[in-house]
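S.K.: Quick one: the structure is below, questions incoming.
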Amino acid sequence: MPANIRNRLIIIAGLVVLSVAPPPISLLGIGLWPRDVTVRTRGADGRMRDTVIERVPLKQGLDLQGGIHLALEVDESQGPVENRVDALDRALRVIRTRIDEFGVAEPLVQRVGDERIVVELPGLRDPGRAKEIVQRSAFLEFRIVDMRRQFQDALTGMDAALRRAGVRASGPSPVAQLLGADTTSTGAAGSDSLAIGSAGALSSLLYPGDQPGEFLVREQDYPHVDSLLNHPEVRRLIPRGLETLWSVEVVSQGAQSFRPLYAVQQDPIITGEYLADAQAQIDQLYNQAVVNFQLTRAGGRIFMRETSRHVQDYMAIVLDGRVQGDPPVIRTQIGQRGQIELGSASLQQAQDLALVLRAGALPTPLQIVEERAVGPSLGRDSIDKGKRAVIIGTLGVVLLVAGYYRFAGLLAIAALSFYVLFTLGGLASFGATLTLPGLAGFALSIGMAVDANVLVFERIREELAQNKTVRAAVDAGFLHAMPAIVDSNLTTVLTALFLFQFGTGPVKGFAVTLIVGIIASFLSAVFVTRTFFLLWIQRRAAAKELPI
């Protein structure tokens, strides 16, 4: 066998080995051979663990296996955000940490331009939970409630200010009971003072709570009371250093549902900045979900100092501007460890809260601007249709080429099988994700591989028509067709590179598959097919004709 043919066969064999790559070559991350892949999964105790599984390293995209796609941008509804790019970068790191803790296998979290973060969570079936994990600010604070009842004392002035602004009461004042007012009095002074029975626009909707600084609002009145609390006249009269925060929970008393409202100090005694760890569990005494947290040493010293100053005061645990559970009373100074009670929350909700607390707070609020959920049945249907399209298209190409170019067409089909192997091996080596557009790129590159063969075969026919020998015609055919093949493949690769550089998600998947497919098609059409021709000519040196 001539040396050039032998060298060609060695190169082809090497490419096949790299594409399939049995051990130990597969340990290098090359080829299609199943190998150990580490993924993170959540254990029964809620902790994340690394699990090693063996599988072919071709990943399915969101559109093939189902999952959730989210696009997030900085939320500037509450005001402009300074240095948006830096804030987006820091938010990206926090989200990556959360998703890593969440236990989704092979997620995609990336920044797109200077405006957007894209999150893709393959295999996830709960969009609401995913949005909660990704979008939640997770800003933790510990605040002392209004122990001196300053907000309660200011209600009279707030009602008067609302009355001057044209806002009228909607009913009798339940808070008057707390203030010791006689609600049956109809004296002239009653028009200006709750203490003598006037029903105020705000106080008439507030019921006294069991703790200092606590008020209960009927759930149906919650939106109206919230708007009153944000009225400029009311905000002006809220005592300095205080603010009102709603509870995250709704409580029931008899047939009524109430939303607790708390007056708390504006300045927290400590924030989640000092949080070192957070773990969810079920409290054995009350059989409810809780989150046990641990502060850093510096945080523990601050917490101990501040809680020692507020012994017997009530402390609200505030997360993202909402009070979690009933504010506990500080019995003694607290060090590095504490507990967040979540009331009726499930263990999974507690685990999710612990997760976002461990990952840290988002540096800026984010809003979801695009959301897509792909169910597993739709993903399976996409796979089936994609496979069917590729198979039908390939069979059509095979029949057409074999019927039109006869023996030469069969050689091209044999080379096409190597193309498929090279393409899949290349995608696996790059760790590419196979998407539905990627399947389209795969099918397109099959056509381009055959197109290169068509150019060669037509040039060989022209050379044979000039009464050249088979060997001379084959050599001239490949030589003269090469510029056209290189030009067409190069322009397509350049286009695919632009798609990869500026595209996102599925567009990038299409570009990667197309680039790898074009390279593989060039190898199969030019190198492998010519090797087959040389083998045939070497065995039939006396052949006068070529079935083409």
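In this note's numbering, the protein residues as written are 95 to 642. Glycine included, each C-beta is placed from N, C-alpha and C at the ideal position.
Return the chain-ordered list of same chain residues with a C-beta closer than 7 Å to the C-beta of residue 231, the five sequence neighbours on each side being excluded.
M.R.: 414, 455, 456, 459
S.K.: Verify whether the separation of the beta carbon atoms of residue 438 and residue 516 is less than 8 Å.
M.R.: No.
S.K.: Classify residue 591: buried if its beta carbon has 16 or more other beta carbons within 10 angstroms, exposed otherwise.
M.R.: exposed
S.K.: Alpha carbon to alpha carbon, how far is residue 625 from residue 217? Give it in angstroms, no decimals.
M.R.: 44 Å
S.K.: Give me, in chain order, the residues of the same chain whose beta-carbon lies closer than 8 Å to that of residue 579; leave out the 5 immediate sequence neighbours on both sides.
M.R.: 546, 549, 550, 616, 619, 620
S.K.: Nearest-angstrom Cα distance between residue 392 and residue 425?
M.R.: 22 Å
S.K.: Three or more C-beta pairs under 8 Å: does that hold for the segment 323 to 334 against the segment 245 to 265?
M.R.: Segments in contact, yes.
S.K.: Thinking C-beta only, is residue 531 closer than 8 Å to residue 604?
M.R.: yes
S.K.: Classify residue 511 as buried or exposed, calling it buried when 16 or more other Cβ atoms lie within 10 Å of its own Cβ.
M.R.: exposed
S.K.: Across which residues does DSSP place residue 583 in a beta bridge pair?
M.R.: Paired residues: none, contrary to the question.
S.K.: Let me make sure I understand the geometry here. Which of 167, 160, 106, 226 has the alpha-carbon closest to that of residue 450?
M.R.: 226
S.K.: In three-state DSSP terms, what is residue 328?
M.R.: Helix, per DSSP.
S.K.: When you compare the CB positions of residue 528 and residue 484, do they come within less than 8 Å of one another, or not?
M.R.: Contact: no.
S.K.: Three or more beta-carbon pairs under 8 Å between the segment 158 to 172 and the segment 192 to 211, yes or no?
M.R.: yes
S.K.: Which same chain residues end up closer than 8 Å to residue 465 when comparing Cβ atoms and leaving out the 5 residues on each side of it in sequence?
M.R.: 162, 163, 164, 165, 221, 225
S.K.: Within the continuous beta strand (DSSP E) that includes residue 437, where are the two ends?
M.R.: Here residue 437 belongs to no beta strand (DSSP E), and DSSP marks it neither H nor E.
S.K.: Rounded to whole angstroms, how far is the Cβ of residue 507 from the Cβ of residue 496, which I believe are closer than 8 Å?
M.R.: 6 Å
S.K.: Give the DSSP-derived three-state secondary structure of residue 380 in the structure shown.
M.R.: Three-state DSSP puts residue 380 in coil, outside helix and strand.
S.K.: Given a threshold of 16 other Cβ atoms within 10 Å of its Cβ, counted over all protein chains shown, does residue 180 qualify as buried or as exposed?
M.R.: exposed
S.K.: Going by the beta-carbon positions, is the gap between residue 307 and residue 245 smaller than 8 Å?
M.R.: Their beta carbons are under 8 Å apart, which means residue 307 touches residue 245 by this criterion.
S.K.: Pick out the complete alpha helix (DSSP H) segments inside the segment 148 to 199, 4 residues or longer, and give them in chain order.
M.R.: 156 to 159, 178 to 196
S.K.: Can you tell me which residues form a DSSP beta bridge with residue 341?
M.R.: 417, per the DSSP bridge assignment.
S.K.: Which two residues bound the contiguous beta strand (DSSP E) that contains residue 297?
M.R.: Looking at the DSSP string, residue 297 is not in any beta strand (DSSP E), and its letter there is neither H nor E.
S.K.: In terms of residue numbering, what span does the alpha helix (DSSP H) encompassing residue 610 cover?
M.R.: 600 to 616
S.K.: Within the continuous beta strand (DSSP E) that includes residue 352, where are the two ends?
M.R.: 350 to 359
S.K.: Considering Cα atoms alone, identify which of 613, 207, 622 is closest to residue 588.
M.R.: 613
S.K.: Have a look at residue 90 and residue 539 and give me their C-alpha separation to the nearest angstrom.
M.R.: Since the first residue of the chain shown is 95 and the last is 642, residue 90 is not available in this structure.
S.K.: Using a Cβ-Cβ distance cut-off of 8 Å, determine whether residue 354 contacts chain C.
M.R.: Absent here is chain C; the protein component of the structure consists of one chain.
S.K.: What residue does the beta strand (DSSP E) around residue 246 start on, and which one ends it?
M.R.: Where residue 246 is concerned, there is no enclosing beta strand (DSSP E), although the alpha helix (DSSP H) it sits in stretches over 244 to 258.
S.K.: How is the beta strand (DSSP E) around residue 312 delimited, first residue to last?
M.R.: The continuous beta strand (DSSP E) containing residue 312 extends over residues 308 to 312.
S.K.: Classify residue 230 as helix, strand or coil using the three-state DSSP reduction.
M.R.: coil
S.K.: Candidates 167, 236, 240: which alpha carbon is nearest residue 206's?
M.R.: 167
S.K.: Using the three-state DSSP reduction, which class does residue 576 fall into: helix, strand or coil?
M.R.: helix
S.K.: Identify the continuous beta strand (DSSP E) that holds residue 104 and give its terminal residues.
M.R.: Per DSSP, residue 104 belongs to no beta strand (DSSP E); it is in the alpha helix (DSSP H), 97 to 114.
S.K.: Go ahead and pull the three-state DSSP assignment for residue 556.
M.R.: helix
S.K.: If you drop the 5 nearest sequence neighbours on each side, which residues of the same chain put their C-beta closer than 7 Å to that of residue 575?
M.R.: 549, 550, 553
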